[in-house]
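Novice: Chains as they are written, first to last, in this note's numbering: chain A, 1 to 266; chain B, 1001 to 1313; chain C, 2001 to 2331. Backbone N, C-alpha and C define an ideal beta-carbon position, used for all residues, glycine too. Bear in mind the structure is a predicted one, so any value in this text is a computation, not a measurement.
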Amino acid sequence: MKAKNFSFYFGIGLLSFIVLVAAFAPWLTHYDPIGQDLLHTLASPNSHHWLGTDNLGRDVLTRIIYGARIDLSIGVLAVLFPFILGTTLGLISGWRGGWFDAILMRIVDTTIAFPFYVLAIALVFVVGAGPKSIIIAISLVGWVAYCRIIRAAVLVAKELDYVHAAKLSGLPTGRILRRHILPNVISQAIVFSMSDIVLSILAIVSLGYLGLGVPIPTAEWGSMIQEGQAYILQQWWIPTIPGIMVVIVGFSLSLIGDGLVKRLNK
Amino acid sequence: MNFLSYAGKRLLQVIPALFGISVAVFTLVHLIPGDPADVLLGQTATPARTKILHHTLGIDRPILVQYFSFLNHLFHGSLGTSFYDRLSVTSLIAGRLQASAFLLVGGILLSILISLPLAVLAASKEGAVRDQAVRVIPIIGLGMPQVWIGIELILLLGLKVKLFPVSGFGETFLEHVRSVFLPSLSIAIGLSPILIRSLRASMLDILDADFVLTARSKGLSRARVTISHVLRNAIIASVTVLGVNIAYLIGSTVIVERVFAIPGTGSLMIDAIGRRDYPIVQGVTLFFAVAVVVVNLITDLIHAALDPRVSLG
Amino acid sequence: MTSPLLSVRDLHVEIETNRGLLKAIRGISMDVNAGESIGIVGESGSGKSITLKAILGLLPPNARVTKGEIFVEGRSLNGMSDKERRAILAEKIGIVFQDAIAALNPVLTVGTQISEIPHRRLGWSKAKSHERAIELMTLVGIPEAEKRLKVYPHQLSGGLRQRVAIAIALSGNPKIIFCDEPTTALDVTIQAQVLRLLEDLRAKENTGIVFVTHDLAVVNEICEKVNVMYAGRFVERGTVEQTFQDPTHPYAYSLLKSAPDMEHPVERLFSIQGEAPDLTKPTIGCPFAPRCFAASEECLATEPELRHVHESETACHHATNFLSQLNAGQA
């Protein structure tokens, strides 16, 4: 029991640390994440540059820290919108059923027929690269998961006795959904959102790698991996460390998600 | 009900899915903010060129007419022509198909080869050290970017040990296989956190099932119990789990092709994006969605062939 | 005197759980002779199913036998290799589980599963094994056996599935059949048919039957002897007639009183108060004491062993023939 709690708090601690470091980036490093220094390119780790410099002489550690700002904030935003959209639609769909549900489910089926990355890439292409497009693209695909989770849970919850009672007592639908159904069904969506943040960060990194994400020269883990690939034999850490950062973020969110499952199952 | 009537029923279910895909892909061009032609042409836009592109895209006509003409072309196997080199998108995709198919099959095979044994190992003694060890993999592995796995494999197995080629697709069958090994491995490793988690749960269900006890009570050897009773159910579970994740797997090929410079369908799409070659982007998007539907159909049919509960419902 | 078919001496089983080590079985001994039918009754969690699985070596990975000896026809299984032990047990004992849909492999035909022992273990030809399967299916009352050889478990009704499971249990010609609540999942008419089938087998083939259930009516119908199990031990044993007429253990007495429809005059809706003890914690005294109407200081201090009381064996410091006394009191 104690070990489980420990891993939950360890996950929160780890994530908080990364978030704090990202938030206080300007106070922690005096380097400019996009400032080039062509006299000191591809430097090995030293006392000035703890993780060395890249091919344009930028401090790698600084770029990693600033990259955390971009990847984490877009990652969270790209989950927030689908979370709200999918939860709302799932609530209505599960509660109302009928034609609304039928049409929505067809849209859901169609969306999941597309490989996530393919649809995201196509969407970023038509909407244009940049953080806003990434959030739009991921939201347009990501709401489906929340919609399905919530809808399934609502179908169960609406047969509960006290929900029937609330219905019979003539409470307005909106209130029943908000006060009686939502608190019952939201927990599964919250648990899923933990791993979904990881998935959306992975998408940002992948799009960044493909040159479809946050435009260069902004420090972003995906484009850092892409730029570092060419120098992999000499400076293996340049593409490796951004990936490890994603792994650490994923690890802490997994621990938090698992911890939440255990708490909710109690 | 027998297998054939199941297959027929399942085949009919494909139609609404294909319809939905055609609508979605058709809608894509209309999501472009502002005038799609201007956006697509970018800096090369002139009033005359914009007008021509309007006509080529057909967006100067009413929307339903556009959709039916799009459908009509689809039925004739036409996905339009590339802006860049005027080749038919269908033939361009066909030319890239082989490499992607190699990668997909390799990815599926290695996924099973990696995830199934680990899942079996973990499930064989729930809660034991080996189980705890395997259960850590999904927790740590969930955040591994596909591109990053690819690059690390290039570094470790391609450049340091020089075991496998790190880019391209080669000429002969054997070279193809060698070339897609590392990319397939990246796909398999990337997918393993999800697969291991689901397969472990399925294996626990199977090994815990009373029919395994029945088989053991018959006094059969351990190997016989495994082969006759556990293995087939495990394969069915793997097919089911793969089927659920097939869209993700196919999507991974797009990214991994890029990392390893494999001339597949995904690379075609990314290259086309660089040239703002809209018909190719649209065509490949449609192709991938159809591929998911088809591969899903195939996994369902394999499932039905292996599992009498499905086909003989 | 010849030794019994099966003899169990002082069997102990422990299970590793999240809450700690669970002492599921705490010293059980029993003998099974040819043609005998023995019931083991108890609430869920009392360890009845685990007893059967422990004897057959079918315990889940987190459970293990920590003490005890098993004899098959007088031969001790202790010190035998795993393989030898499995061979002997499988040859002498068949088992039927509660839920046939779970106990049958969903992806193999009924015929394959019934002919598996003859074909794979006895090394018979495929054709001969199939013939044997048809014979067994007819024996357990499956109509059109030949046709049903090729169907899958999910295509059969619940009653037929349980008959298939019994056919499998019989396929190696065992001398004893273990029944782990084989009728619980069936509706009442089918339940009666399956019980009659088992009774016929016992009468005709002289098969020994060990019947685990929480249903006293079933024990009353099919068993000659009964073991009442509580918290991993037998607390009362005797003939069904004796024990049901005149239980000598307060737990057996309470169980019988709580049974809805027995042949004796009992008050309905009497249920035993309290919960079964948590066997992950060490037990001090009689584990039934906290729920017992007759408990005394002595019961809280020392755990009673089985001893002869009237015509039964009972593990109770205050064992007596409760029903007779009650009836005498009322008269």
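1) Using the Cα positions of residue 44 of chain A and residue 58 of chain A, report the straight-line distance between them to the nearest angstrom.
2) I'd like the list of long-range same chain contacts for residue 1235 of chain B, defined as Cβ closer than 8 angstroms, with 5 residues on each side in sequence excluded.
3) Which runs of the beta strand (DSSP E) at least 3 residues long sit entirely within the stretch 95-167 of chain A? Give them in chain order.
4) Going by C-alpha distance, which of C:2010, C:2023 and C:2005 is nearest residue 2287 of chain C?
5) Comparing the C-beta of residue 109 of chain A with each C-beta of chain B, is any distance below 8 angstroms?
6) Applying the criterion that 16 or more other CB atoms from any shown protein chain within 10 Å of the CB defines a buried residue, is residue 241 of chain A buried or exposed?
7) My guess is that residue 2165 of chain C and residue 2096 of chain C are in contact by the Cβ rule of under 8 angstroms, so how many angstroms apart are they, rounded?
8) With a CB to CB cut of under 7 angstroms and the five nearest residues on each side skipped, what residues in its chain are close to residue 1058 of chain B?
9) Per DSSP, what are the beta-bridge partners of residue 2179 of chain C in this structure?
10) Give every residue of the same chain whose Cβ lies closer than 8 angstroms to the Cβ of residue 248 of chain A, excluding the five residues on either side of it in the sequence, and list them in chain order.
11) For the stretch 240-264 of chain A, which residues have a CB atom closer than 8 angstroms to at least one CB atom of chain B, in sequence order?
12) Just the chain B side, please: which residues come within less than 8 angstroms of residue 2097 of chain C by C-beta, in chain order?
13) Could you check what DSSP says for residue 2265 of chain C in three-state terms: helix, strand or coil?
14) Between residue 1 of chain A and chain B, is there a C-beta pair that is closer than 8 angstroms?
15) Kindly say whether residue 106 of chain A, judged by its beta-carbon, lies nearer than 8 angstroms to any beta-carbon of chain B.
16) Excluding five sequence neighbours on each side, which residues of the same chain lie with their C-beta closer than 8 angstroms to the C-beta of residue 2010 of chain C?
17) Am I right that residue 181 of chain A and residue 104 of chain A are in contact with their C-beta atoms under 8 angstroms? What's the rounded C-beta distance?
18) According to DSSP, residue 2041 of chain C sits in a beta bridge with which residue or residues?
19) Spatial neighbours of residue 2312 of chain C within its chain, please: CB distance less than 7 angstroms, with the 5 preceding and 5 following residues excluded, ordered by chain position.
20) Around the C-beta of residue 149 of chain A, are 16 or more other C-beta atoms found within 10 angstroms, so that it is buried, or is it exposed?
21) Where does residue 50 of chain A land, buried or exposed, given buried means 16+ other C-beta within 10 angstroms?
22) Among B:1128, B:1224, B:1159 and B:1167, which residue has its Cα nearest to the Cα of residue 236 of chain A?
23) Taking the CB atoms as reference points, tell me whether residue 118 of chain A and residue 1254 of chain B lie closer together than 8 angstroms.
24) Which residue's Cα is closest to the Cα of residue 2200 of chain C: C:2093, C:2184, C:2177 and C:2274?
25) With a threshold of 16 other CB atoms inside 10 Å of the CB of residue 1252 of chain B, please say whether the residue is buried or exposed.
26) Quick check on DSSP: helix, strand or coil for residue 2019 of chain C?
27) Looking at C-alpha atoms only, which residue of C:2159, C:2127 and C:2123 is the closest neighbour of residue 2146 of chain C?
28) Output yes or no for whether 8 angstroms exceeds the beta carbon distance between residue 2209 of chain C and residue 2171 of chain C.
29) Three or more beta-carbon pairs under 8 angstroms between the stretch 1084-1102 of chain B and the stretch 1225-1242 of chain B, yes or no?
30) Work out the CA separation of residue 2094 of chain C and residue 2053 of chain C for me, nearest whole Å.
31) Taking 8 angstroms as the CB-CB limit, is residue 1300 of chain B close to chain C?
32) Enumerated in chain order, which unbroken segments of the beta strand (DSSP E) with a length of 3 residues or greater are wholly contained in the stretch 1009-1086 of chain B?
33) Whose Cβ in chain B lies nearer than 8 angstroms to the Cβ of residue 2106 of chain C?
34) In three-state terms, what does DSSP make of residue 2270 of chain C?
35) In terms of alpha-carbon separation, which member of C:2025, C:2100 and C:2155 lies closest to residue 1310 of chain B?
36) Taking the alpha-carbon positions, what's the residue 1258 of chain B to residue 1267 of chain B distance?
Specialist: According to the data block:
1) Between residue 44 of chain A and residue 58 of chain A, the C-alpha separation is close to 12 angstroms.
2) Excluding residues within five positions, the ones whose Cβ falls inside 8 angstroms are 1306.
3) Assignment of beta strand (DSSP E) within the stretch 95-167 of chain A, counting only whole runs of 3 or more residues, yields no such run.
4) Out of C:2010, C:2023 and C:2005, C:2023 has the C-alpha closest to the C-alpha of residue 2287 of chain C.
5) Taking Cβ atoms only, chain B reaches closer than 8 angstroms to residue 109 of chain A, which makes this a yes.
6) The residue is buried, with at least 16 neighbouring Cβ atoms inside 10 Å.
7) Contact between residue 2165 of chain C and residue 2096 of chain C is confirmed by a C-beta separation of about 5 angstroms, below the 8 angstroms threshold.
8) The beta carbon of residue 1058 of chain B sits closer than 7 angstroms to the beta carbons of 1066 and 1069 from its chain, once the five residues preceding and following it are set aside; these are given in chain order.
9) Paired residue(s): C:2096 and C:2211.
10) Only residues of its own chain outside the window of five on either side were considered, and among them 14 and 18 have a CB closer than 8 angstroms to the CB of residue 248 of chain A, listed in chain order.
11) Those would be 240, 242, 243, 246, 247, 248, 249, 250, 251, 253, 254, 255 and 258, in chain order.
12) Residues of chain B passing the Cβ test: 1210, 1213 and 1214.
13) For residue 2265 of chain C, the pLDDT reaches just 40, beneath the cut-off of 50, and the residue's location in the model is therefore unreliable, although a value from the coordinates is still provided. In the three-state reduction of the DSSP assignment, residue 2265 of chain C falls in the coil class, being assigned neither a helical nor a strand state.
14) In this predicted model, residue 1 of chain A has a pLDDT of only 47, less than 50, meaning its place in the structure is not dependable enough to derive any value.
15) By this cut-off, residue 106 of chain A is an interface position.
16) Counting only Cβ-Cβ distances below 8 angstroms, and skipping sequence neighbours, we find 2027, 2028, 2029, 2067, 2068 and 2069.
17) At roughly 17 angstroms, the Cβ-Cβ gap does not stay under 8 angstroms, so residue 181 of chain A and residue 104 of chain A are not in contact.
18) Residue pairing for residue 2041 of chain C: DSSP places it in a beta bridge opposite C:2213 and C:2228.
19) Within the same chain, residue 2312 of chain C has close Cβ partners 2236, 2237, 2238, 2242, 2243 and 2248.
20) With 16 or more other Cβ atoms within 10 Å, it is buried.
21) Exposed is the call here.
22) Among B:1128, B:1224, B:1159 and B:1167, the Cα nearest to that of residue 236 of chain A belongs to B:1159.
23) A contact, by the Cβ cut-off of 8 angstroms.
24) Of C:2093, C:2184, C:2177 and C:2274, the smallest CA-CA separation from residue 2200 of chain C is found for C:2177.
25) So residue 1252 of chain B ends up on the buried side.
26) Coil, per DSSP.
27) Taking only the C-alpha atoms, the option nearest residue 2146 of chain C is C:2127.
28) Not in contact: residue 2209 of chain C and residue 2171 of chain C (Cβ atoms no closer than 8 angstroms).
29) Here the stretch 1084-1102 of chain B does not lie against the stretch 1225-1242 of chain B, with fewer than 3 beta-carbon pairs under 8 angstroms apart.
30) So the alpha carbons of these two residues sit roughly 11 angstroms apart.
31) It does not: the Cβ of residue 1300 of chain B has no partner Cβ on chain C nearer than 8 angstroms.
32) List check, beta strand (DSSP E) in window: nothing returned.
33) Neighbours of residue 2106 of chain C on chain B, chain order: 1211, 1233, 1307, 1308 and 1309.
34) With a pLDDT of 44 at residue 2270 of chain C, under the threshold of 50, the modelled position of that residue is not reliable, and no figure is offered here.
35) A check of alpha carbon separations from residue 1310 of chain B across C:2025, C:2100 and C:2155 identifies C:2155 as the nearest.
36) Distance from the CA atom of residue 1258 of chain B to the CA atom of residue 1267 of chain B, rounded to whole angstroms, is 6 angstroms.
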